[in-house]
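Following: one structure in structure tokens, then a few remarks.
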Amino acid sequence: MVNLRTFDLNLLRVFEAVNIHRSVTRAADNLGMSQPAVSNALNRLRQQLDDPLFVRTPSGMDPTPKARELAKAVNSGLTSIRSGLLAGTQFDPAVSRRHFTLLMTDVGEISFLPPLLEAIGREAPNIDIHVLESGLETYGSHLESGIADLALGRISLSEGFEARLIHNSPFVVLLGKHNPVLNGSEPTMISYSQYMSCRHILVQPRGASADPIHAALGRDAKRREIALTIPHATVLPGIMRNTDLLATIPKVAADKLIAADHHSLTSVPVPFEIPENEVFIWWHRRNTADEGHAWLRETLASAGV
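Position in the sequence shown (first residue = 1) + 3 = this note's numbering.
Next comes the structure, spelled out in structure tokens:
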């Protein structure tokens with residue numbers, strides 16, 4: 004049994020960081036500690052709790068069943084402590100040293116991180132941002148537990164959360180300029196039959212439950228030949244330079260990829276009706292009145308304009 008009189012509560016911050024980052028090295032960076040110090044703290048916690056807590060795997064440090072159960076209490080407790088310490092304090096972005104954790108896909112990263120960090124550098128130079136890579140199906144639990152502050156994307160969460168629409172973007176067809184469907188020219192559009200005759204890349208983030216392109220195509224969705232399914236859009240330029248594959252993604256992301264790849268790619272409008280891609284920011288309701296949280300939400304909304 005754990006002796007609460009001698010238990011070092013600082014070990015819980017180390018536990019939280021390792022659980023979030025699934026890496027001793029990244030946890031150490033986040034905590035401002037050395038890697039040996041974090042390893043030592045984790046070993047002390049393992050001894051006191053008589054459990055390995057995290058098991059090293061090729062994909063990172065996987066929590067044991069006991070660690071998963073402990074994480075719920077630790078995250079809830081530390082979140083309450085932080086909220087209590089911040090209660091009644093006025094937030095000043097110019098001097099604040101707060102840390103915020105965001106959930107987003109790589110499409111969100113290339114679309115919204117540059118303007119967000121530009122604004123932070125200008126208005127809040129001491130604030131730091133951590134983007135946590137996680138499946139979309141975990142966004143709700145991470146926000147509820149306090150592991151993350153905000154989630155950004157085309158998602159829908161249940162009661163207890165609040166949301167704000169920050170961006171609308173039409174879908175476009177992204178393809179290499181050499182693609183045979185362009186016939187050696189740079190047309191401003193392709194036909195529906197040309198679109199359906201091509202082989203496609205489906206960008207499907209981990210945990211995504213639906214494909215908006217599939218829904219928009221209706222009965223013709225089965226005719227679309229998916230040659231490759233990937234979780235990240237940022238690999239598209241390297242694939243499209245030497246293949247005839249195309250992808251249908253939000254214009255805001257396509258424009259960034261085209262510019263980053265020195266314009267070896269191009270985009271054309273989608274040749275059928277499809278609703279625009281809506282990007283929301285989501286947060287847990289308990290953070291609504293937090294001044295720092297509200298500032299970050301407003302700054303992210305401005306980055307999405």
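Glycine included, C-beta positions come from ideal geometry on N, C-alpha and C.
For the pair Phe103 and Ile130, the Cα-to-Cα distance works out to about 8 Å. When rounded, the separation of the alpha-carbon atoms in Val255 and Leu178 is 15 Å.
Between the beta-carbon of Gly307 and that of Phe115 there is about 6 Å, and that keeps the pair under the 8 Å contact cut. Collapsing the DSSP output to three states places Asp65 in a strand. Counting along the chain, Phe103 sits inside the beta strand (DSSP E) bounded by residues His102 to Leu106. Nearest to Leu15 by C-alpha distance, out of Thr108, Ser42 and Leu48, is Leu48.
When only Cα atoms are considered, Lys225 and Phe10 end up about 59 Å apart. Counting C-beta pairs closer than 8 Å gives fewer than three between the region 233–240 and the region 151–162, which falls short of the contact rule. Taking C-alpha positions only, Arg222 is separated from Leu120 by approximately 42 Å. Contact check for Val134 and Ala257: beta-carbon distance about 21 Å, past the 8 Å limit, so the pair fails to qualify. In the three-state scheme derived from DSSP, where H, G and I count as helix and E and B as strand, Ile216 is classed as helix.
Ranked by Cα distance from Arg300, the first of Pro96, Lys69, Gln51 and Ala76 is Pro96. DSSP, read as helix, strand or coil, puts Asp247 in coil. In the structure shown, the three-state DSSP call for Asn182 is coil.
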